[in-house]
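When we follow my numbering, the leftmost residue of the sequence shown carries the number 194, and every step to the right adds one. No residue lacks a Cβ here, since even glycine has one placed at the ideal position from N, Cα and C. Taking it in order: structure first as structure tokens, then the write-up.
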Amino acid sequence: MGETQPKGTGGRSAQLARTGLRPGWTTGACATAASTAAYTALLSGEFPDPVTITLPKGQTPSFALAVEELATGAGPATAMAGVVKDAGDDPDVTHGALVRATVRALPAGSGVVFRAGPGVGTVTRPGLPLDVGEPAINPVPRQMMREHLTAVAEAHGGPGAAADVAVEISVDHGEELARSTWNPRLGILGGLSILGTTGIVVPYSCSAWIDSIRRGVDVARAAGRRHVAGCTGSTSEKAVVALHRLPEDALLDMGDFAGAVLKYIRRHPVDRLTICGGFAKLSKLAAGHLDLHSARSQVDKGFLAGLARQGGADEALAEAVAGANTGLAALQLCAAAGVPLGDLVAATARDEALAVLRGAPVAVDVVCIDRAGLVVGRAEPRGPGARTHPAPDGFT
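Next up, the structure:
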């Protein structure tokens with residue numbers, strides 16, 4: 194696609210080099226490149242292709258233009274340029290998307306005005322770093338575009354020249370792509386968000402997911418939700434809704450990132466957090482793992498055997514648990530013997546979560562489910578302020 198690849202500026206780049214994974218560009222970097230090219234063409238009549246931008250950490254990538262259009266006939270002149278997003282080796286839903294910027298002049302003193310074109314969402318709920326009604330173009334991409342457009346204005350109008358322009362960012366098929374993101378749940382409607390803080394996508398860093406978790410907490414707090422739930426997947430989400438009847442904006446798609454949820458809620462507390470997930474995943478949290486992905490943490494059957502002993506298992510059962518093929522098999526062995534391994538895992542996971550919260554005023558309860566979504570273990574709310582919350586069904 195013609196773009197140069199990010200050059201190293203520190204330890205993370207060295208880590209990437211060792212993995213052999215190819216980094217890519219954020220939608221914010223693509224929008225900056227497209228708007229810079231479009232404004233240059235609006236002032237000079239020619240599109241720079243490739244167009245070079247400067248990222249927040251000083252890298253200077255160049256982007257090939259996929260589309261360009263200059264309209265200077267009847268009506269206000271406009272220029273449009275587009276860049277195809279290359280996410281490198283990251284499994285990004287926006288990889289290959291065409292990010293367009295359409296620029297037109299505004300009266301002196303207007304500054305840079307951002308607008309959402311087709312495929313870019315609009316903020317409809319408070320709690321995000323943008324006001325309700327604003328296009329979903331995040332603060333760092335906005336700043337990047339302002340700086341680059343000002344530089345273009347000064348290059349053609351001299352020092353102190355201002356960029357007084359409307360910048361419409363659009364993403365082809367963005368509304369469809371956004372259905373695979375958190376945007377609908379966050380109240381960002383009509384399309385994607387223009388994201389990025391460094392301009393570079395680090396493969397498999399999962400930074401976008403973690404950022405969505407944080408924004409989900411922000412939206413829930415802004416909506417006045419006192420009780421939120423971190424769920425490992427859609428099955429656990431259905432289970433927690435059935436138990437607690439929580440609204441959509443109180444549900445956090447935690448996935449494997451228990452640590453991300455807990456650490457953010459530690460700094461931005463809610464009254465109560467329910468953690469709901471599969472038995473095997475939550476056994477990892479109980480064992481002290483904050484990343485529950487199978488590539489980064491495993492079910493420790495020896496740990497489960499120790500919990501089973503605490504629950505009254507004899508040595509023969511404990512040894513069988515330690516040698517079980519899966520966490521579910523261990524659970525079934527204990528259930529047959531009347532040992533409440535699910536409840537023990539839930540209680541231990543809750544205590545681990547409270548340890549991460551470090552005294553933050555948050556009550557935590559945990560729900561373990563099996564693959565069918567049936568509850569196989571629960572731990573009642575515990576933590577600062579827990580007594581102010583009614584016990585869930587089944588707790589006394």
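How many Å lie between residue 349 and residue 309 at the Cα? 27 Å
Cα separation between residue 305 and residue 283? About 31 Å.
With distance defined between alpha-carbon atoms, name the residue in 238, 254, 561, 248 nearest to residue 389. Selected option, being the one with the closest Cα: 248.
Using the Cα positions of residue 482 and residue 287, report the straight-line distance between them to the nearest angstrom. Answer to the nearest angstrom: the Cα atoms are 30 Å apart.
Whole-angstrom Cβ separation of residue 405 and residue 469, contact assumed at under 8 Å? No, residue 405 and residue 469 are not in contact; Cβ-Cβ is about 18 Å, not under 8 Å.
By the three-class DSSP mapping on this structure, what secondary structure does residue 582 have? Because residue 582 sits at a pLDDT of 46, beneath the cut-off of 50, its placement in the model cannot be relied upon, and the following sentence gives the value as read from the coordinates. Of the three classes helix, strand and coil, the one that applies to residue 582 here is coil, per DSSP.
From residue 279 to residue 392, what distance separates their C-alpha atoms? 12 Å
Contact belief for residue 235 with residue 272 at Cβ below 8 Å, rounded distance in angstroms: 4 Å
Nearest candidate by alpha-carbon position, reference residue 218, set 252, 237, 565: 252
State whether the region 517-537 contacts the region 430-444, with contact taken as three or more CB pairs (one from each stretch) at a distance under 8 Å. no
Using 10 angstroms around the beta-carbon of residue 337, count the other beta-carbons present and answer buried if the total reaches 16, otherwise exposed. buried
According to DSSP, simplified to helix, strand and coil, what is residue 208? Because residue 208 sits at a pLDDT of 43, beneath the cut-off of 50, its placement in the model cannot be relied upon, and the following sentence gives the value as read from the coordinates. It is helical.
On the three-state DSSP scale, how would you describe residue 589? With a pLDDT of 31 at residue 589, under the threshold of 50, the modelled position of that residue is not reliable, and no figure is offered here.
Buried versus exposed, by CB contacts within 10 Å (16 or more), residue 494: Buried is the call here.
Can you tell me where the beta strand (DSSP E) holding residue 469 begins and where it ends? Counted as a single uninterrupted DSSP element, the beta strand (DSSP E) harbouring residue 469 occupies residues 465-471.
May I ask you to report which of helix, strand or coil DSSP gives residue 532? coil
Per DSSP, what kind of secondary structure is residue 195 in: helix, strand or coil? At residue 195 the pLDDT is 48, less than 50, meaning the model places this residue with poor confidence and gives no usable figure here.
Do residue 384 and residue 409 have their C-beta atoms within less than 8 Å of each other? no
Residue 515 lies in the alpha helix (DSSP H); which residues open and close that run? 508-515
Candidates 373, 370, 375, 342: closest to residue 142 by CA position: The displayed coordinates of the chain run from 194 to 589. Any statement about residue 142 would go beyond what the structure contains.
Which of helix, strand or coil DSSP assigns to residue 527: In this structure, residue 527 counts as helix in the three-state DSSP scheme.
Buried/exposed call for residue 376, threshold 16 Cβ in 10 Å: That one is buried.
Excluding the 5 residues preceding and the 5 following residue 211 in the sequence, name in chain order all residues of the same chain whose CB lies nearer than 6 Å to its CB. The pLDDT assigned to residue 211 is 46, lower than 50, so where the model puts this residue is not dependable, and the model offers no usable value.
Can you give the Cα-Cα distance for residue 232 and residue 339, rounded to whole angstroms? 11 Å
For the alpha helix (DSSP H) containing residue 279, name the first residue and the last one. Where residue 279 is concerned, there is no enclosing alpha helix (DSSP H), given that its DSSP letter is neither H nor E.
Under the DSSP definition of a beta bridge, which residues are partnered with residue 328? 315
Are residue 473 and residue 445 close, meaning C-beta to C-beta below 8 Å? Taking C-beta atoms as the reference points, residue 473 and residue 445 fail to come closer than 8 Å.
Length at least 3, wholly inside the region 239-264: the beta strand (DSSP E) runs in chain order: As for any beta strand (DSSP E) of minimum length 3 sitting wholly inside the region 239-264, the runs are 260-264, ordered along the chain.
Whose C-beta lies closer than 8 Å to the C-beta of residue 220 among residues of the same chain, with five residues either side of it excluded? Apart from the 5 residues on each side of it in sequence, residue 220 sits with its Cβ closer than 8 Å to the Cβ of 278, 287, 290, 292, 334, 364, 385, 386, 387, 388, 389 in its chain, given in chain order.
Counting only runs of 4+ residues fully inside the region 391-465, write out the alpha helix (DSSP H) ranges in chain order. Runs of the alpha helix (DSSP H) lying entirely within the region 391-465 and spanning at least 4 residues, in chain order: 400-415, 427-437, 451-460.
Length at least 3, wholly inside the region 345-398: the beta strand (DSSP E) runs in chain order: 358-364
Kindly list the residues whose CB is nearer than 6 Å to the CB of residue 416, restricted to its own chain and excluding five residues on each side of it in sequence; keep chain order. Residues 442 of the same chain have their beta carbon placed closer than 6 Å to that of residue 416, with the five preceding and five following residues left out of the count.
Compare the beta carbon distance of residue 268 and residue 357 with 8 Å and say whether it is the shorter of the two. no
How would you label residue 372, buried or exposed, when you count the other beta carbons within 10 angstroms and need 16 or more for buried? exposed
How many angstroms separate the CA atom of residue 561 from the CA atom of residue 539? A direct Cα-to-Cα measurement between residue 561 and residue 539 gives close to 6 Å.
Buried or exposed for residue 239, please, with buried defined as at least 16 other CB atoms from any protein chain shown within 10 angstroms of its CB. By the neighbour-count definition (other C-beta atoms within 10 Å, threshold 16), residue 239 is an exposed residue.
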